[in-house]
Structure formats: C-alpha cells, structure tokens
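Residue numbers (this note's numbering): 696 to 1215.
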C-alpha cells in the first residue's frame, strides 16, 4: 500500500463548542448592507438580512422543539432563500439535511427516512407534497423577522451532528453521509485556506449547480470574506451571458458538464477578467480544457471532493492545471492535484496486472463521521482509512491521478477494463455530445463494453473507431448506441448502470461472439 500525505496542517483545533451564531453576527456588523447573495430571479440578500433571517429561523426551529443534533431537512431551489435557510438551520444547532429541489417524492421519502428527519424547511409550493409523506413543513414565509437585532445563540457542541449529505446514488440508492460540527468547521476553514485568492466585498462568484453540495460549500467560504454569491438554477445562457459581458463576475463554479455548455453556447467569446474557474466532480478532458482556456485564459482550478469528504481533498492550481493539460503526452486518467493540508492518501495494491492502479483510501480532519443506509448508521473506523471506491495512483510529481471507479470496472472476455480510459479517448469525438461507456450483461462475454452517445450525428461510430485505433482490442466497445440524452441524476451525474438500463429498455440485445442491438 502506498501512503502519501501533506503533513502541513494550518488548521488549529476548532473551538469547542462552535459559535456559528456569534460568527454570523460579526459578519453582519462588518458588512451590514453589502450584498451577500443575488439569485436568478433578481432577488438580493444583504448581510444584515442574512443575519436577521437566519436567526429568526433558528429561533423558530428551537420554539418548535428542535434540539441540538436533530435532523432538519431543507428543500429550497437555488435562490437567496437557500442561503439564509442553510445558515438558520446551522445556527439552531440542528443537523442540516439538504434535499435537492429536483428530488422526486420517492427520493424525498427515502432520504428523510434515512436521516430520520421529521421536519423540512421549504416553500409553500412543496408543502402539500411534504405533508403527504407525514413530514412537518416549516414554510419560509411563516418565519417572522424579529423587531430587534439578532441576539447570539448558544454555541454548538463540536461532537454534535451538524449535516447529512447524500451520495449521488449512481451505484444504488443514495446513502446519508453524517458530519459533526467539528468536521464541518474544519472543512470550511480548509476550503477558505486553499482558495486561490481571498475574495472581498463586491466580488462575485457564479454558482449554477444545486445548492445542496458544492455550491453551498463555496457560499460559506465566499461569505466569510464579505463577498457576494450569484445563485442561478442551472445553466441559463440568456441570464449568464449578460453577467459575463458586463464583467461582473470574479469567479465561476463550473463542473465539466457546466463548462461544456458555457464554452459551446458562447464559443468565440473571451472573458479573461474572470479570475478563476473552479471545477471538479468529473474528469476534465484536455479538449474541454482547451475550449475553456480559449474563453477564460489559464484560470481553471481543479479539486477533488466527495460526499464522504468534502472539498478539498486535493487541489490543482490554475498554473499547474495548464502545465498538465497542455503537455505533449498526457497519461490516461484525471489529474486532481496534490493533497490539501492535513489530508492523507493511500493507494491499495493493484487489482490485477491489467488494472495496475489501486483503490484510493483517505483520512482527513474534515472527513465525515460515517454513513447511513437502510441498516442504520455505520461509523468510520476510529483513526481508520475511508475507502473512496475510486481507482487511481500518485504520479512521480506527487499528484493524485483518478482512473475510474471500482464498481465500474468491466469484466469482459477474461479482462478487467476501466471504462474511464475509453471515455477519455472518445471525448475528442466531434460528431456527438458526451459519450458514456457502460456494459451489458452477456452469457458469452460476461459483460459487453458499450459506448452510448447523446446528440449523435451520422458517422459518430466510425470516428469512435478511429479514436480507439491505438487502444488494445479487448478494451474497445463492441456495441454503439445513440440516445437523445443520457440519463442524469438531480446532481447532473451520469449513472452507467442507468444508462445500461435505458439501452435495454429501448433495444433488444442479440448475444454471442458478435453481439448486436436492435431498436424495440
């Protein structure tokens, strides 16, 4: 097992208990009428309003009998409401349980049952849906503002439950990920310490992904410096273009799927005044980086984070990203940089000779306390390593390279094949949108490697074969399928298993040494 760590840890031991309320009061006093948040509907939230509304919600929840560590759900779209509601639940000492606005009723039921949440803060339009599930809905409009300035609330115990996030569910039903107040505090300090620049009043970051994960983490970091977050619900080019044209943005959080949409829709435009493009969650291909660099300059910063251990696990600063992705020979996999301060990474032994990379294990001061599934809460081993489920290795420069998922490894014809390696090679296909490499069960092959494209044009399959000429024959897809759109979860992630199910729902498989698919 290879063990690699960044021993430099600037994070001091967190205060115990943690004074979230006093911290927000200080921000309100410092920045008062500065704008904390703006949303796509044109609503704004000042620091004074953030403080007042958050404390009003915290007091409302406590009046309803919510105790420290009790799970409280939040179901709010990307908006200024999402900001003060998140802060309010945190101030109350409750265990914030964010639910994606795009969740179905079944998904809400599953997640609230896992978390054992009985109360959800939401908007009036979702109240009846929540009531049918037996949940108490605290409507945002019912939270009355006080007639006096917010009084500091008691600090929260560092060991108390603070937040439950949910895994993406790409390999099954989502699991709950439980964080303590201590880990949440440590994660926020580490994220702020690793920012490429310190934002200040008036500086804006555009956030378009669901608030429940990455967008909220950057919100907390940005607002701690008195800056402004601009929350949009998805990628609406008609709203985003004026912001870019007016030079109003200092940074953008754009995972590769978001970055692809922006660079495609605004191709030919340049916005070099944007200081940083934060990206992560999915591999960034050299082709997409080239497009981003042409539009923004070498400003892309890559981080690695997981529901089980929030950003940053590793960081690749813009200059390092540019050097890596513009090199002549880029090895397969996604470079995500060096471990952040205090983060330890270990690589297990290789899975096989054909799959030389091992599973990534990690330890960090901001790691979650454990996972919640249908069988209840399972804590991580004390001082133990967390199995990420990701495959990878540490290169000669000490950077972590992700090469795939343990669960996604395809067993075909006696070989073990990493689908990420194939997807990287196919990313240069100009005759389709994104390509997902998945597998279909086969009596003859075990699993059949299948390339599934969205928005495909004539000739896309032939271009795939050309791009894979240098790849070992056993790694090349035997089946090619075009869909109008690849199925994605509420976080925008593609599930290979769901893609395979969709293919079999729309096509009939003829198994054998030369498998075929026929439309149903």
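Note that the Cβ used here is the ideal one computed from N, Cα and C, for glycine as well.
Worksheet item: Quick one: Cα of residue 1095 to Cα of residue 1074, how far?
Response: Position 400 of the chain shown, counted from the start, is the residue given in the question as residue 1095. Position 379 of the chain shown, counted from the start, is the residue given in the question as residue 1074. Between residue 1095 and residue 1074, the C-alpha separation is close to 26 Å.
Worksheet item: Given 8 Å as the limit, is there contact between the stretch 1192-1201 and the stretch 1125-1137, that is, 3 or more CB pairs closer than that?
Response: yes
Worksheet item: CB of residue 1127 to nearest heavy atom of the ligand NAD: below 7 Å?
Response: Among the components of this structure there are no ligands whatsoever, and the ligand NAD is therefore not found.
Discussion item. Between the alpha carbons of residue 716 and residue 800, how many angstroms are there, rounded?
Written reply: The residue labelled residue 716 in the question sits at position 21 within the chain shown. The residue labelled residue 800 in the question sits at position 105 within the chain shown. When rounded, the distance between both Cα atoms is 33 Å.
Discussion item. If the criterion is Cβ atoms closer than 8 Å, does the pair residue 731 and residue 741 meet it?
Written reply: The residue labelled residue 731 in the question sits at position 36 within the chain shown. The residue labelled residue 741 in the question sits at position 46 within the chain shown. Yes; because the gap between Cβ atoms is below 8 Å, this pair is in contact.
Worksheet item: In chain order, what residues of the same chain have a beta carbon less than 6 Å from the beta carbon of residue 708, not counting five sequence neighbours either side?
Response: If you number the chain shown from 1, residue 708 lands on position 13. Here residue 708 scores only 46 on pLDDT, less than 50, and its place in the model is too uncertain to base an answer on.
Fill in: Limits of the beta strand (DSSP E) - the one that residue 1139 falls within
Position 444 of the chain shown, counting from 1, holds the residue named residue 1139. Careful: residue 1139 lies outside any beta strand (DSSP E) and carries neither H nor E.
Worksheet entry | For residue 991, the three-state DSSP class (helix, strand or coil) | Residue 991 sits at position 296 when you count from the first residue of the chain shown. Reduced to three states, the DSSP call for residue 991 is helix.
Fill in: Burial state of residue 1053 (16 or more Cβ within 10 Å)
Position 358 of the chain shown, counted from the first residue, corresponds to residue 1053. Buried, by the Cβ-count rule.
Fill in: Range of the contiguous beta strand (DSSP E) that encloses residue 972
Position 277 of the chain shown, counting from 1, holds the residue named residue 972. Counting along the chain, the beta strand (DSSP E) containing residue 972 begins and ends at 971-974.
Discussion item. Among the candidates 1169, 762 and 992, whose CA atom is the shortest distance from the CA of residue 1021?
Written reply: Counted from its first residue, the chain shown places residue 1021 at position 326. When each option's Cα is compared against that of residue 1021, the closest is 992.
Fill in: Inter-residue spacing [alpha-carbon to alpha-carbon] between residue 886 and residue 1156
Counting from one through the chain shown, the residue named residue 886 turns up at place 191. Counting from one through the chain shown, the residue named residue 1156 turns up at place 461. Taking the straight line joining both Cα atoms gives about 42 Å.
Item to complete: Determine the closest residue to residue 1071 out of 803, 870 and 863, with distance taken between C-alpha atoms.
Response: Taking the chain shown and counting its residues from 1, the one referred to as residue 1071 is at position 376. Residue 1071 has its Cα closest to that of 870, out of 803, 870 and 863.
Discussion item. Tell me the residue span of the alpha helix (DSSP H) that contains residue 1209.
Written reply: In the chain shown, the residue the question calls residue 1209 occupies position 514. No alpha helix (DSSP H) holds residue 1209; DSSP gives it neither H nor E.
Worksheet item: What's the gap between the Cα of residue 936 and the Cα of residue 972?
Response: Your numbering for residue 936 matches position 241 in the chain shown. Your numbering for residue 972 matches position 277 in the chain shown. Residue 936 and residue 972: Cα-Cα distance of roughly 16 Å.
Worksheet item: Is it a yes or a no for the stretch 1094-1111 touching the stretch 1074-1085, going by three-plus beta-carbon pairs under 8 Å?
Response: yes
Practice prompt. From the DSSP output, in three-state form, read off residue 899 for me.
Written response: Mapped onto the chain shown, residue 899 falls at position 204. Correct three-state label for residue 899: strand.
Worksheet item: How would you write the range of the alpha helix (DSSP H) that residue 887 sits in, first residue to last?
Response: Position 192 of the chain shown holds residue 887. Its alpha helix (DSSP H) spans residues 876-888.
Item to complete: With DSSP as the reference, label residue 718 as helix, strand or coil.
Response: The residue you call residue 718 lines up with position 23 of the chain shown. Of the three classes helix, strand and coil, the one that applies to residue 718 here is helix, per DSSP.
Discussion item. Considering Cα atoms alone, identify which of 1012, 1079 and 1208 is closest to residue 1144.
Written reply: The residue given as residue 1144 occupies position 449 in the chain shown. Residue 1144 has its Cα closest to that of 1208, out of 1012, 1079 and 1208.
Discussion item. Can you look up residue 1012 in the DSSP assignment and give me helix, strand or coil?
Written reply: Position 317 of the chain shown, counted from the start, is the residue given in the question as residue 1012. Coil.
Discussion item. Using 8 Å for Cβ pairs, my map puts residue 1149 next to residue 1129. What's the rounded Cβ distance?
Written reply: Taking the chain shown and counting its residues from 1, one reaches residue 1149 at position 454. Taking the chain shown and counting its residues from 1, one reaches residue 1129 at position 434. The Cβ separation is near 6 Å, so the contact holds.
Practice prompt. Please name the residue, chosen from 1035, 925, 1008 and 983, that lies closest to residue 1123 on a Cα-to-Cα basis.
Written response: For the purposes of this step, residue 1123 is identified with residue 428 of the chain shown, where counting begins at 1. For residue 1123, the nearest C-alpha among the options comes from 983.
Discussion item. Using DSSP's beta-bridge definition, name the partner residues of residue 1068.
Written reply: Position 373 of the chain shown, counting from 1, holds the residue named residue 1068. DSSP output for residue 1068 lists 1071 as bridge partner(s).
Item to complete: Give a yes or no on contact between the stretch 950-960 and the stretch 792-810, applying the rule of three or more CB pairs nearer than 8 Å.
Response: no
Worksheet item: Which whole-angstrom value is the C-beta distance of residue 894 and residue 747, which I expect to be below 8 Å?
Response: As a first step, residue 894 is located in the chain shown; it is residue number 199 there, counting from the start. As a first step, residue 747 is located in the chain shown; it is residue number 52 there, counting from the start. The pair is not a contact, with the Cβ atoms about 23 Å apart (cut-off 8 Å).
Worksheet item: Rounded to the nearest angstrom, how far is the Cβ of residue 733 from that of residue 1016, given a contact under 8 Å?
Response: Mapped onto the chain shown, residue 733 falls at position 38. Mapped onto the chain shown, residue 1016 falls at position 321. Actually they are not in contact, since the Cβ atoms of residue 733 and residue 1016 sit about 28 Å apart, beyond 8 Å.
Discussion item. Excluding the 5 residues flanking residue 699 on each side, which residues of the same chain have their C-beta closer than 6 Å to its C-beta?
Written reply: Translated into positions along the chain shown, residue 699 becomes position 4. For residue 699, the pLDDT reaches just 48, beneath the cut-off of 50, and the residue's location in the model is therefore unreliable, leaving the point undetermined.
Worksheet item: Between residue 939 and the rest of its own chain, which residues show a CB-CB distance below 6 Å, the 5 nearest in sequence each way excluded?
Response: Here residue 939 corresponds to residue number 244 of the chain shown, with the count starting at 1. Within the same chain, residue 939 has close Cβ partners 966.
Discussion item. Classify residue 1026: buried if its beta carbon has 16 or more other beta carbons within 10 angstroms, exposed otherwise.
Written reply: Residue numbering aside, residue 1026 sits at position 331 when the chain shown is read from its first letter. With fewer than 16 other Cβ atoms within 10 Å, it is exposed.
Practice prompt. Count the other CB atoms, across all protein chains shown, that sit within 10 Å of the CB of residue 829; report buried if there are 16 or more and exposed otherwise.
Written response: One-based indexing of the chain shown puts residue 829 at position 134. The residue is exposed, with fewer than 16 neighbouring Cβ atoms inside 10 Å.
Discussion item. Quick check: what's the CA-CA separation for residue 884 versus residue 917?
Written reply: For the purposes of this step, residue 884 is identified with residue 189 of the chain shown, where counting begins at 1. For the purposes of this step, residue 917 is identified with residue 222 of the chain shown, where counting begins at 1. So the two alpha carbons sit approximately 11 Å from each other.
Fill in: Proximity to residue 1125 [Cα-Cα], best of 1162, 714, 786 and 819
Locating residue 1125 in the chain shown gives position 430, where the first residue counts as 1. Comparing Cα positions, the closest option is 1162.
Fill in: Presumed contact (8 Å Cβ cut-off) between residue 902 and residue 925, rounded CB distance
Along the chain shown, one-based indexing puts residue 902 at 207. Along the chain shown, one-based indexing puts residue 925 at 230. 7 Å between Cβ atoms; contact.
Item to complete: Using only alpha-carbon positions, find the residue among 1215, 860, 791 and 831 that is nearest to residue 819.
Response: Position 124 of the chain shown, counted from the first residue, corresponds to residue 819. For residue 819, the nearest C-alpha among the options comes from 831.
Worksheet item: When the Cα atoms are used, what is the spatial distance from residue 784 to residue 750?
Response: Working through the chain shown from its first residue, we reach residue 784 at position 89. Working through the chain shown from its first residue, we reach residue 750 at position 55. Going from the Cα of residue 784 to the Cα of residue 750 covers about 9 Å.
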